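Residue 160 in UniProt numbering sits at position 160 of the sequence shown; the count goes up by one each step and never skips.
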Amino acid sequence: MYFLSKTLAEKAAWEFVKDNHIHFITIIPTLVVGSFITSEMPPSMITALSLITGNDAHYSILKQIQFVHLDDLCDAHIFLFEHPEANGRYICSSYDSTIYGLAEMLKNRYPTYAIPQKFKEIDPDIKCVSFSSKKLMELGFKYKYTMEEMFDDAIKTCREKKLIPLNTEEIVLAAEKFEENKEQIAVK
1 MYFLSKTLAE KAAWEFVKDN HIHFITIIPT LVVGSFITSE MPPSMITALS LITGNDAHYS
61 ILKQIQFVHL DDLCDAHIFL FEHPEANGRY ICSSYDSTIY GLAEMLKNRY PTYAIPQKFK
121 EIDPDIKCVS FSSKKLMELG FKYKYTMEEM FDDAIKTCRE KKLIPLNTEE IVLAAEKFEE
181 NKEQIAVK
């Protein structure tokens with residue numbers, strides 16, 4: 001529903017622009033990852049970090065995924081606003097991966113988390129799907145952040161805000177405590 005509403009909103013905006021002869025630019029970002037200022041974890045981060053949190057409901061989204069660092073996305077907005085030739089639609093995506101590639105990177109970079117390496121109903125030989133930022137880059141835009149830096153910034157921010165624990169053991173203990181409390185409440 002989220003993606004459909006975004007698509008319909010953009011379509012309506014383009015129809016309005018056409019009818020009213022307005023100069024208009026849209027930026028279509030892929031999954032936005034990186035540091036953030038909100039007190040709660042943004043929805044994109046819930047998905048991006050689901051391999052760490054164990055939120056398997058989001059694994060299907062990560063199956064074939066594209067990423068952009070929040071700061072690169074902000075820079076792209078400014079770049080296009082200031083560029084005299086900018087016009088139309090721009091995809092903002094700097095890295096492509098599969099859930100398997102992401103899981104491997106996270107496992108190697110963050111060994112304190114138990115990152116799953118196998119996923120039911122997801123073919124281990126699945127290929128990446130790329131979203132091209134060619135149009136944006138042909139104007140001279142350059143991405144600054146690697147995929148590793150995106151996740152480093154995201155995880156650091158989440159840890160600082162105590163939105164994720166430092167390791168998987170803390171997740172397991174929190175789940176056990178939750179179950180214990182749930183049982184105690186049911187008894188009362």
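Idealized CB from N, CA, C, for every residue including glycine. On a predicted model such as this, the values are computed, not experimentally measured, just so you know.
{"Item": "Of all the options LYS127, ILE25, ALA13 and SER97, which has the alpha carbon lying nearest to the alpha carbon of GLN66?", "Value": "SER97"}
{"Item": "May I ask which residues mark the beginning and end of the beta strand (DSSP E) holding HIS69?", "Value": "64–69"}
{"Item": "So, using beta-carbon positions, are SER94 and VAL68 closer together than 8 Å?", "Value": "yes"}
{"Item": "Could you tell me whether the segment 152–170 touches the segment 119–136, where touching means 3 or more Cβ pairs closer than 8 Å?", "Value": "no"}
{"Item": "Out of LYS135, PHE3 and THR26, point me to the one whose CA is closest to PRO43's CA.", "Value": "PHE3"}
{"Item": "Just mark GLY34 as buried or exposed, buried being the case when its beta carbon has 16 or more other beta carbons within 10 Å.", "Value": "buried"}
{"Item": "Report the three-state DSSP secondary structure of TYR59 (helix, strand or coil).", "Value": "helix"}
{"Item": "At what residue ranges does the segment 86–146 contain a whole run of the alpha helix (DSSP H), taking only runs of 4 or more?", "Value": "99–109 and 134–138"}
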